[in-house]
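Let me begin by presenting the structure, written as structure tokens, before commenting on it.
Protein chains: 2
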Amino acid sequence: MHSPELLKGTLQTILLKVLKDNGRMYGYELTQRVKALSEERILLTEGALYPALHKLEAEGMLKTEVVSMGKRVRKYYSLTPEGRSLVKERVSELIDFIKTMSSVLNVELA
Amino acid sequence: MHSPELLKGTLQTILLKVLKDNGRMYGYELTQRVKALSEERILLTEGALYPALHKLEAEGMLKTEVVSMGKRVRKYYSLTPEGRSLVKERVSELIDFIKTMSSVLNVELA
DNA sequence: CTTAGATACATAATTCACTTATGTATTAGA
DNA sequence: TCTAATACATAAGTGAATTATGTATCTAAG
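Keeping their order, the protein sequence lines are chains A and B. Position in the first sequence (from 1) plus 1216 gives the number in our numbering. Position in the second sequence (from 1) plus 1216 gives the number in our numbering.
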């Protein structure tokens, strides 16, 4: 697991981008996909995940659809058009940040 | 200026690495060097900088030397041997984190 | 058949690294 | 002479996270 401090500020970007790449997904599914993509390094906690999803929904970046699987309920999230713009913005911010960090730290990212 | 959220957790790493690359430096000088290295993108605030330096010193990662320039006082910081180990650790943590992020976000860092 | 672990959602209390605000003092240039 | 830059420092407040807690369903093992 990563030094969790570094993750701060990256959660929204991760959620938006993974939703963009995978289409509609539900919360638990997002935690599993991120875990797999990161080779167990990024383990999203529910206390961070759900509030973040709710916030993005409230801001109109995500839309939801509740689906019943038998007695179990799943809440699927997907990007709205505004969400789609936001992903691009957030991802390029992060890339820019990473590039800045590599010049400040004087390291190569092969 | 970067979305400041992303900077969270990177301050120690930046300070340690810049000190490693530049030898002994004082606080204000660090802010200026980081500003230059980042092309004005990372502007360290004093409220973050000084507590971080004090903490690293208290933990034995940095040693200080107070130098008087006329009436003005400068406090120079440099790495201790333990500090030198810590830099390596922190930098590789950050590189690892960046690599993880690029696989999760499915982006190339040219 | 029952129970532990995975699945699935959610929120409240707390933490802590940061920002913002404030304070002091020196030096250089317009 | 007064503003901006240099140079240090700390206190109050913020906010995104962690940690803790709660509810409930499904599945596989014993």
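Don't be surprised by glycine CBs; every beta carbon is placed ideally from N, CA and C.
Any Cβ of chain A within less than 7 Å of the Cβ of Val1303 (chain B)?
Using a CB distance cut-off of 7 Å, Val1303 (chain B) does not count as an interface residue toward chain A.
Environment of Lys1304 (chain B) [buried if 16+ CB atoms lie within 10 Å]:
exposed
Measure the alpha-carbon distance for Leu1386 (chain B) versus Thr1280 (chain B) and round it to whole angstroms.
One cannot answer for residue 1386 (chain B) here, as it falls past the ends of chain B, which runs 1217 to 1326.
For chain B, is any of its Cβ atoms less than 7 Å away from the one on Val1282 (chain A)?
no
So Ser1301 (chain A) is in the beta strand (DSSP E); what residue range does that whole segment cover?
Not the beta strand (DSSP E): Ser1301 (chain A) falls in the alpha helix (DSSP H), residues Pro1297 to Leu1321.
For a contact defined as C-beta to C-beta under 9 Å, what are the partners of Gly1225 (chain A) on chain B?
Ser1219, Pro1220, Glu1221, Leu1222, Leu1223, Lys1224 and Gly1225
Does chain B have any CB closer than 7 Å to the CB of Lys1233 (chain A)?
yes
First and last residue of the uninterrupted alpha helix (DSSP H) at Leu1222 (chain B)
Premise fails: Leu1222 (chain B) is in no alpha helix (DSSP H) and is neither H nor E.
Rounded to whole angstroms, what is the Cα-Cα separation between Ala1252 (chain B) and Lys1287 (chain A)?
Taking the Cα positions, Ala1252 (chain B) is about 59 Å away from Lys1287 (chain A).
Residues in the region 1251-1279 of chain B having any Cβ partner in chain A nearer than 9 Å:
Leu1253, Ser1254, Glu1255, Arg1257 and Ile1258
Tell me, please, which residues DSSP counts as bridged to Val1282 (chain A).
A:Lys1291
Through-space distance from Leu1222 (chain A) to Arg1257 (chain A), alpha-carbon basis:
12 Å
Span of the alpha helix (DSSP H) around Ile1258 (chain A)
Looking at the DSSP string, Ile1258 (chain A) is not in any alpha helix (DSSP H), and its letter there is neither H nor E.
For Arg1290 (chain B), which of B:Ser1308, B:Tyr1244 and B:Leu1325 has the nearest alpha-carbon?
For the options B:Ser1308, B:Tyr1244 and B:Leu1325, the alpha carbon positioned closest to that of Arg1290 (chain B) is the one of B:Tyr1244.
Since Leu1235 (chain A) is in the alpha helix (DSSP H), which residue starts that stretch and which ends it?
Leu1227 to Asn1238
Can you pull the chain B residues whose beta carbon is under 8 Å from the beta carbon of Thr1316 (chain A), in chain order?
His1218, Ser1254, Glu1255, Arg1257 and Ile1258
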